[in-house]
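The listed protein sequences derive, respectively, from chains G and F.
Quick note, the first sequence lines up with residues 18 to 158 if you use the numbering used here.
Quick note, the second sequence lines up with residues 61 to 688 if you use the numbering used here.
All C-beta atoms, glycine included, are put in the ideal place defined by N, C-alpha and C.
Heads up, the thing below is written out as C-alpha cells.
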Amino acid sequence: MKKIFLIIFFITLLFADSIEDVKAKIVKNIAHIFTKCKVVKVYTDDPYFFDIFQSNTKIKRVNDCKDADIILTKNSKDIKNICKKRKAYIFSTRYNDYKKSINFDLGAFFWQKGRPTLLINRYMINKMHIHIPDSYKKFLD
Amino acid sequence: MKKEFKNPFIIFYLLILSIIFAITVFLYYRSAEIFANESKEITKIEISHVNNFAKNISKRVLEIAGNNMVQNIKKSPNLQKHINALLSMFSTDQYKYVYLIYINKDKKFRYLADGSKDISQRGELNQPFIPIANIWDQITKTAKPKYTIQNKTTGLWLTYLYPIKHKDALKAVLAFDISLDEYHALVSVIKPLKNILFYASLFQLIILVFSFFQAYIYFKQRRRTNIDPLTHLYNRNYLNSIEKNIDLRDCAIAMADIDHFKKINDTYGHDAGDIVLESISKRLLSSTRTFDDVIRYGGEEFLIILRKQSSIKNTKEICNRILKSISSHPIRINRSSLNVTVSIGVNPTPYKDETLAKAIKKADEMLYVAKRAGRNRVAMLNEKDKSNNILSLKQIENAIKNGNLKAFFQPVIDVKTGQISEYEALARIIDKNGNVYTPLQFLPVLKNSSLYIEFTKSIILQSFKKIKEDKLYISINLNIDDFINDELFKQIEQIVASNKEFAGYLNIEIIEESYKDVKIEKIITRIKKLKSYGVKITLDSFEGNNLNLDYFINLKPDYIKINMSTVLRLFKDEKITDILTDIINICKTFNIKTIAEFVENEDILDILKKNGVDMAQGYHIGKPKNLL
Numbered sequence: 018m019k020k021i022f023l024i025i026f027f028i029t030l031l032f033a034d035s036i037e038d039v040k041a042k043i044v045k046n047i048a049h050i051f052t053k054c055k056v057v058k059v060y061t062d063d064p065y066f067f068d069i070f071q072s073n074t075k076i077k078r079v080n081d082c083k084d085a086d087i088i089l090t091k092n093s094k095d096i097k098n099i100c101k102k103r104k105a106y107i108f109s110t111r112y113n114d115y116k117k118s119i120n121f122d123l124g125a126f127f128w129q130k131g132r133p134t135l136l137i138n139r140y141m142i143n144k145m146h147i148h149i150p151d152s153y154k155k156f157l158d
Numbered sequence: 061m062k063k064e065f066k067n068p069f070i071i072f073y074l075l076i077l078s079i080i081f082a083i084t085v086f087l088y089y090r091s092a093e094i095f096a097n098e099s100k101e102i103t104k105i106e107i108s109h110v111n112n113f114a115k116n117i118s119k120r121v122l123e124i125a126g127n128n129m130v131q132n133i134k135k136s137p138n139l140q141k142h143i144n145a146l147l148s149m150f151s152t153d154q155y156k157y158v159y160l161i162y163i164n165k166d167k168k169f170r171y172l173a174d175g176s177k178d179i180s181q182r183g184e185l186n187q188p189f190i191p192i193a194n195i196w197d198q199i200t201k202t203a204k205p206k207y208t209i210q211n212k213t214t215g216l217w218l219t220y221l222y223p224i225k226h227k228d229a230l231k232a233v234l235a236f237d238i239s240l241d242e243y244h245a246l247v248s249v250i251k252p253l254k255n256i257l258f259y260a261s262l263f264q265l266i267i268l269v270f271s272f273f274q275a276y277i278y279f280k281q282r283r284r285t286n287i288d289p290l291t292h293l294y295n296r297n298y299l300n301s302i303e304k305n306i307d308l309r310d311c312a313i314a315m316a317d318i319d320h321f322k323k324i325n326d327t328y329g330h331d332a333g334d335i336v337l338e339s340i341s342k343r344l345l346s347s348t349r350t351f352d353d354v355i356r357y358g359g360e361e362f363l364i365i366l367r368k369q370s371s372i373k374n375t376k377e378i379c380n381r382i383l384k385s386i387s388s389h390p391i392r393i394n395r396s397s398l399n400v401t402v403s404i405g406v407n408p409t410p411y412k413d414e415t416l417a418k419a420i421k422k423a424d425e426m427l428y429v430a431k432r433a434g435r436n437r438v439a440m441l442n443e444k445d446k447s448n449n450i451l452s453l454k455q456i457e458n459a460i461k462n463g464n465l466k467a468f469f470q471p472v473i474d475v476k477t478g479q480i481s482e483y484e485a486l487a488r489i490i491d492k493n494g495n496v497y498t499p500l501q502f503l504p505v506l507k508n509s510s511l512y513i514e515f516t517k518s519i520i521l522q523s524f525k526k527i528k529e530d531k532l533y534i535s536i537n538l539n540i541d542d543f544i545n546d547e548l549f550k551q552i553e554q555i556v557a558s559n560k561e562f563a564g565y566l567n568i569e570i571i572e573e574s575y576k577d578v579k580i581e582k583i584i585t586r587i588k589k590l591k592s593y594g595v596k597i598t599l600d601s602f603e604g605n606n607l608n609l610d611y612f613i614n615l616k617p618d619y620i621k622i623n624m625s626t627v628l629r630l631f632k633d634e635k636i637t638d639i640l641t642d643i644i645n646i647c648k649t650f651n652i653k654t655i656a657e658f659v660e661n662e663d664i665l666d667i668l669k670k671n672g673v674d675m676a677q678g679y680h681i682g683k684p685k686n687l688l
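Written out as C-alpha cells, the structure reads:
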C-alpha cells in the first residue's frame, strides 16, 4: 500500500504541468510535514529551486535564512553556521553535501536523472522527535 | 414556401468537398492510429537493441565483479571504477543514463555503479535510489527484464531494466534510461505525414466552411430574387429559371385570378387587398401538393404548375379543391368578413403546345372563359362540355376566310311597348357540321392575334349590311382596348365613314372588365369621333362594377346597359335596390336610356317595368338568330 502511495505521489506530481510545478508541490508537501504555517517561508541558495516560488502561493521565498521555516541549500555547513540561532529545517540539494551534514540536515531533496529524490534523515527525526506520517516513512534514510 | 431551392451543381460540389474533408479527417485519425502502432513497433525495436546490450554488459559485469558482485564492488573502489567505466562506455546521447542498482537487506534500492555521462547525475555507491515506476518492484519479484514509458517531464523516453542473475538469484538490476531525443528522431519520419494531414484537414475545413457560407448566401439571394415578398410564393423570375426543366408531358397548367380584386382594393383599400392576396396564396398552397409550383404570375393572377398529372379528372379535382378552399371560408379583414372567389383556367395538356409560354397562354385564355362564364369556376381546355370547346386560331382563320363567321342578332325590346327597338349583333362561328360556336369559344384565342382586326371588321360590315337592308338599329360590342389599337380604330372609322348615312343606326357597346384609366383621353377622343358620325354609344355593365365617371361625363352615352343577373342579386338587398333606382333616375335626368340584359323570365321583366328600365334583352325576349 505504501509503495502504491509512493508511486502515485511521484507520478501525480510528475504529471503536473511542468518541472517547476512538480518541484514547488514537493517542497510544499515536505514543508507541511514540519510546520503548520499556511504559507511556508523558504530560503534557498540553489538556483535550481529559484523558480518554485512563481507558481505556488503557499510557499514564500525569504532572502535571509534566519527568517526561513525550510532551508534548501547546497552548502549545509555554511548555512548551519550562519543560522545557528534559528531552528530551521535544512534540506540539502546535493547528495554529497547531505552525507557531510548528516548530523544536522533534516533531509535531502534533489533532482537526478530527471527524477525527484527525497531523503528524510532518520537520525535527525528521532533526535528532534518529529512525527512523520506513515506515507513518508519510505523516504527515511 | 413549400420547397427549397436546389442547385444540383452546388449541392454536388459541397457533397464532394465534404467527402474529401471526411476522408482527410479519417486519414488524419487513422494516421494517429498508425502513429501509435508505429510507436509501439519502434519501442519494440529499441527494447530489442537495448536488451542485446544489457545481456552483454551483465555478462561482462559478472565476469569482472564475480558472483558476489555487490560485496566485491563495495569492498573495491577500483572495481567500482572499472564497472563505472564499463557502463559509461554504453552511456551515449541515446542511452542517457546507464547504472547498476542493488537491493539491500532493508529491501531498499541503492546505487552500485553509475556510468552516466553527466557526472552530476551519477549516483554514488550506496546512495538511495527512489524508484517511481512499479517495474522496480516487478523485476525484484520476477527477475525478468522490464521496461516502462517515462513521463515527458523527465526528459526520458523509456527506462529498461535488466536483471543480473547468478543461478537464478537476482544480484543487481542494470538500468538504461533512454533519451526522449532518440524517440523524437525515430518518429520524425512519421510526424510530417501527420502534420500534412492535419493542415490539409484544417485547410479543407476552412474551404468547406467558406463554401457553405457562400452557398448559404447564394441560396438566400436566390430565394430573395425568386420569392414574392408579400405572398411568399414564387415569382416570375423563378418561372423563368425552371422553364427549361419543366416536363410538359406530366404536368397541367392552371391560371387562377381573384374575382373582382380591383373592387376589393377600391372598396377596402390596398392593405385589405394585400391581406386577400396573402390569404389566397396560403389557400392555394394548402390545396396543392408539395411538388406543385404556385407562382404569383401577376397582380392578382396565380400560375399553378400541377405536376405528376395522370388524368384530366385528377387535374380538375385539384382545381375544384382550390375553388372550394377559397370560396368556402370568408377572409377576415379587420372586423369584416369578405367572400372572395377565384376563377381558374386550365390547360391540362400542355405537352400539345410547343413551349411553356404557349401552354400558359392557353390556360390564360381559359381563365378568360371562366371569367366570362360568371367567375368562381374552373374552365378546362379541351373539355367535352361544348361551351368550353375552344377553337384553334387556324380554325378561326378558316372560318373568317370561308365566311363562316356570322353576326347573329338578338332582339332588344322597349319595355313599355314590348316592341323590338333594336338588335344586338353577336358573333358566331358555324363549322361545316353546323355546330355554332359562341365568342367564349374563340374570342380568348382571337383577342391577341392579328386576326382580331379582320374579325371586328367582318362583324361591323355584316351589321351595316343588315342596317342597309332592313333599316334596323343594331348594336355591336367593342372592347375599350379596341380604341387604343390604332390600326383597328382606323379600320372601324373607315367603315363608319363609308356608311355615314347609316351611322345613326349603329350603336357601339363599350365593354371592359374594368374601365382602365390608361390613355383615357385618347379613348374618349376616338369615341367622340365616331359619335360625330351619328353612332350611338352604350356603356356596358354599368351596374356599379367598374363605373368610371370620366367616361360617364365625357362620353355622354346614349345607353347604359345593366346586367340583370347582378341586378337580381342586388334587388334582394333593399339598400342596394335604392342605389340602383337612383342610378336609373340619374340616367333619366341625363336623358340616357337603360338597357337590361340577361332577362331570363317574365318576373325579371316585371321588375324592370316597375323600376323604370327602358329596354330589355335576353333569352326570354328572343335568342340571337342569323338574320342574314
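The straight-line gap separating the alpha-carbon atoms of I119 (chain G) and R90 (chain F) is approximately 57 Å.
For the options F:T477, F:L265, F:P684, the alpha carbon positioned closest to that of L74 (chain F) is the one of F:L265.
At least 9 Å separates the beta-carbon of T219 (chain F) from that of D197 (chain F).
Along the segment 115-136 of chain G, the positions whose C-beta sits under 7 Å from a C-beta of chain F are Q129, K130, G131, R132, T134, L135, L136, read in chain order. With a minimum length of 4 residues, the unbroken runs of alpha helix (DSSP H) contained wholly in the segment 288-338 of chain F fall at 296-302, 321-328. Taking the C-beta atoms as reference points, E377 (chain F) is found no nearer than 9 Å to G405 (chain F). Uninterrupted beta strand (DSSP E) stretches at least 3 residues long and entirely within the segment 527-590 of chain F occur at 534-539, 566-571, given in chain order. The beta-bridge partner set that DSSP reports for V496 (chain F) consists of F:I490. Bounds of any beta strand (DSSP E) do not take in E377 (chain F); it lies within the alpha helix (DSSP H) bounded by 372-387. Chain-order list of chain F residues neighbouring V79 (chain G): empty, with the shortest C-beta distance near 27 Å, by a criterion of under 8 Å. Neighbours of D158 (chain G) across chain F, judged by C-beta separation under 8 Å: P188. If you check each beta-carbon in the segment 110-126 of chain F against every beta-carbon of chain G, none falls closer than 8 Å. For S35 (chain G), the chain F residues whose C-beta falls within less than 8 Å of its own C-beta are T213, listed in chain order. A contact between stretches requires three or more CB pairs, one per stretch, nearer than 8 Å, and the segment 517-529 of chain F meets this requirement with the segment 563-571 of chain F.
Nearest to V158 (chain F) by C-alpha distance, out of F:I117, F:K135, F:P137, F:N138, is F:I117. In this structure, F:K582 is the residue among F:K582, F:S346, F:D307 with its C-alpha nearest to the C-alpha of I540 (chain F). Within the same chain, Cβ atoms closer than 6 Å to the Cβ of P410 (chain F) are found at L308, I313, A419, the five residues on either side in sequence being excluded. Along the segment 39-51 of chain G, going in chain order, the ones with a CB nearer than 7 Å to a CB of chain F are V39.
Sequence-distant Cβ neighbours of N144 (chain F) in its own chain, meaning closer than 7 Å and more than five residues away, are A173, D174, G175. L427 (chain F) is a Cβ neighbour of S403 (chain F), given a cutoff of 9 Å.
Collapsing the DSSP output to three states places A203 (chain F) in coil. Remark: C-beta atoms of E484 (chain F) and E569 (chain F) approach each other more closely than 9 Å.
Assigned with DSSP and collapsed to three states, D353 (chain F) falls in strand. Using a CB distance cut-off of 9 Å, K156 (chain F) counts as an interface residue toward chain G. Beta-bridge analysis with DSSP links R132 (chain G) to G:Q129. Secondary structure note for I69 (chain G): it is in no beta strand (DSSP E), and the uninterrupted alpha helix (DSSP H) holding it is 69-72.
Residues of chain G with a Cβ closer than 8 Å to the Cβ of D241 (chain F) do not exist; the shortest Cβ-Cβ separation is about 13 Å.
Contact between N436 (chain F) and S387 (chain F) holds: CB atoms are separated by about 6 Å, below the 8 Å threshold. In this structure I584 (chain F) touches N614 (chain F) by the C-beta definition: roughly 5 Å separates them, less than 8 Å.
Looking from the CA of K212 (chain F), the closest CA among F:A232, F:R182, F:H244 belongs to F:H244. Of the residues F:L122, F:S510, F:L299, the one whose Cα lies closest to the Cα of A229 (chain F) is F:L122. At a C-beta separation below 8 Å, Y112 (chain G) has these neighbours in chain F: G183, E184, Q187. The C-beta distance from V336 (chain F) to L293 (chain F) rounds to 14 Å, too long to meet the 8 Å contact threshold. Contact annotation for D237 (chain F) against chain G: K130, G131 [CB-CB distance below 8 Å, chain order]. Close to L216 (chain F), with beta-carbon spacing below 7 Å, are these residues of chain G in chain order: G131.
As a beta-bridge residue in DSSP terms, Q470 (chain F) pairs with F:E484.
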